[in-house]
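The structure under discussion appears below in the form of structure tokens.
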Amino acid sequence: MAFLAAVGRCMRGNPMPFVQESTRPDQSTMSFPPAIRPDAIPRHIAVIMDGNGRWAKAQGWQRIKGHRAGADAVTRCVEACNDLGVEFLTLYAFSTENWQRPKSEVAALMTLLERFLKEQSGRMVADNVRLQAIGRLTDLPQSCQDELHRCIEATSQNSGVTMILALSYGSREEIVDGIRSLLRNVSEGHLDSAMITPDVVSKHLYTRYFPDPDLLIRTSGEMRLSNFLLWQCSYAEIVILQKFWPDFQKEDLYQSVRDYQKRQRRFGAV
Ligand code: FPP
Numbered sequence: 150m151a152f153l154a155a156v157g158r159c160m161r162g163n164p165m166p167f168v169q170e171s172t173r174p175d176q177s178t179m180s181f182p183p184a185i186r187p188d189a190i191p192r193h194i195a196v197i198m199d200g201n202g203r204w205a206k207a208q209g210w211q212r213i214k215g216h217r218a219g220a221d222a223v224t225r226c227v228e229a230c231n232d233l234g235v236e237f238l239t240l241y242a243f244s245t246e247n248w249q250r251p252k253s254e255v256a257a258l259m260t261l262l263e264r265f266l267k268e269q270s271g272r273m274v275a276d277n278v279r280l281q282a283i284g285r286l287t288d289l290p291q292s293c294q295d296e297l298h299r300c301i302e303a304t305s306q307n308s309g310v311t312m313i314l315a316l317s318y319g320s321r322e323e324i325v326d327g328i329r330s331l332l333r334n335v336s337e338g339h340l341d342s343a344m345i346t347p348d349v350v351s352k353h354l355y356t357r358y359f360p361d362p363d364l365l366i367r368t369s370g371e372m373r374l375s376n377f378l379l380w381q382c383s384y385a386e387i388v389i390l391q392k393f394w395p396d397f398q399k400e401d402l403y404q405s406v407r408d409y410q411k412r413q414r415r416f417g418a419v
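To convert a position in the sequence shown, counted from 1, into this note's numbering, add 149.
This is how it looks when you write it as structure tokens:
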């Protein structure tokens, strides 16, 4: 019964406490790659992992092989974030639009996700990685949902990087769900519409437990947001990498952080 209650909570929202204060590890015990300033590490990095299909095609392989290689790149990216003390990493793993792909590719991606969670759960615990997920998670096959929640529970006490998988995620759908939640609160008398501010809206999004991304990385050279964290990335610095996602190495993450550290973030001020 307790397990079911936990699953129900995860499905409707997220059981994590709201994270405002930094949970960054003690940097004095860490060694950083060259030319990275420990005092300016982004708290939250978001990644559009693009180019799996083209990577596979370039080698004359089926698209699913690209997705499999993409899953290995996920592991390298998480490791690199842990190396730097990044607190949150959001990965665009499956969009609401991705349901329109051929049935066989969708099924293969779901199988890959489930296997990834099964195989990586022990490693995530050992590497102090905490798993979270955002999106319309109840759209996923039941076995994927079960594995996801088992893995979220198993890693919930970890204090290293929080890896947030965006699954059946679409930013516009998230905003629609947020508006519905706001309207419900107003009609039930818990909220005065005059009190709705950007902060209040943020607290009705799937990401309400996490700070906004500081850095958004997209691979494969495309310059689009593709319905990913549109509200949350208002002030994110954007780095576009020319390589396909399966070729992503830890050094690419480090280099993206170096580029980020050269930017002047003014948040609309002077
Ligand atoms: C975009 O490449 C990638 C996806 C739609 C899926 C992302 C999935 C992974 C990286 C692998 C699995 C992830 C986990 C967490 C296990 P694309 O297929 O659109 O590539 P293309 O633009 O070259 O066709």
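Where is the CB? At the ideal position from N, CA and C, for every residue including glycine. A quick note: this is a predicted structure, and the numbers were derived from the prediction, not measured.
Beta-bridge partners of residue i, as assigned by DSSP
i: Val196; result: Leu240 and Ile366
Residue i classed as buried or exposed, judged by whether at least 16 other C-beta atoms fall within 10 angstroms
i: Ala154; result: Residue placement at Ala154 is flagged as unreliable, the pLDDT there being 31, under the threshold of 50; the coordinate-derived value follows with that caveat. Answer is exposed; the Cβ neighbour count stays below 16.
i: Glu337; result: exposed
i: Phe265; result: buried
i: Phe416; result: exposed
i: Glu296; result: buried
i: Pro395; result: buried
i: Ser180; result: exposed
i: Gly319; result: buried
i: Gly215; result: buried
i: Glu386; result: buried
i: Trp248; result: exposed
Whole-angstrom distance between residue j and residue i, CA atom to CA atom
i: Ile197; j: Gly284; result: 15 Å
i: Tyr355; j: Ile313; result: 11 Å
i: Val419; j: Gln413; result: 10 Å
i: Met259; j: Ala343; result: 43 Å
i: Pro360; j: Ala282; result: 15 Å
i: Gln294; j: Val335; result: 31 Å
i: Gly202; j: Phe393; result: 9 Å
i: Leu365; j: Arg407; result: 13 Å
i: Thr304; j: Phe237; result: 14 Å
i: Glu254; j: Gln291; result: 18 Å
i: Tyr384; j: Leu378; result: 11 Å
i: Leu280; j: Lys352; result: 20 Å
i: Gln381; j: Arg173; result: 20 Å
i: Thr346; j: Glu246; result: 29 Å
i: Ala229; j: Ala222; result: 11 Å
Whole-Å CB distance - residue i paired with residue j, under 8 Å assumed
i: Pro187; j: Asp363; result: 15 Å between Cβ atoms; not a contact.
i: Ile213; j: Ala242; result: Between Ala242 and Ile213 the Cβ distance is about 15 Å, and since that is not below 8 Å, they are no contact.
i: Val274; j: Val227; result: About 13 Å separates the two Cβ atoms, so there is no contact after all.
i: Val325; j: Val235; result: 30 Å between Cβ atoms; not a contact.
Cutoff 8 Å: residue i Cβ touching any chain D Cβ
i: Cys293; result: Any reference to chain D falls outside this structure, which holds one protein chain only.
Checklist entry - Enumerated in chain order, which unbroken segments of the alpha helix (DSSP H) with a length of 4 residues or greater are wholly contained in the region 268-356? => result With a minimum length of 4 residues, the continuous alpha helix (DSSP H) runs that stay inside the region 268-356 are 291-303, 320-336 and 347-351.
Checklist entry - Quick one: complete alpha helix (DSSP H) runs, 4+ long, within the region 170-234? => result Counting whole runs of 4 or more residues, the region 170-234 contains the alpha helix (DSSP H) stretches 201-207 and 212-233.
Item to check | Secondary structure, beta strand (DSSP E): runs of 3+ residues fully inside the region 374-405 | outcome: The DSSP assignment places complete beta strand (DSSP E) segments of no fewer than 3 residues inside the region 374-405 at 386-389, in order along the chain.
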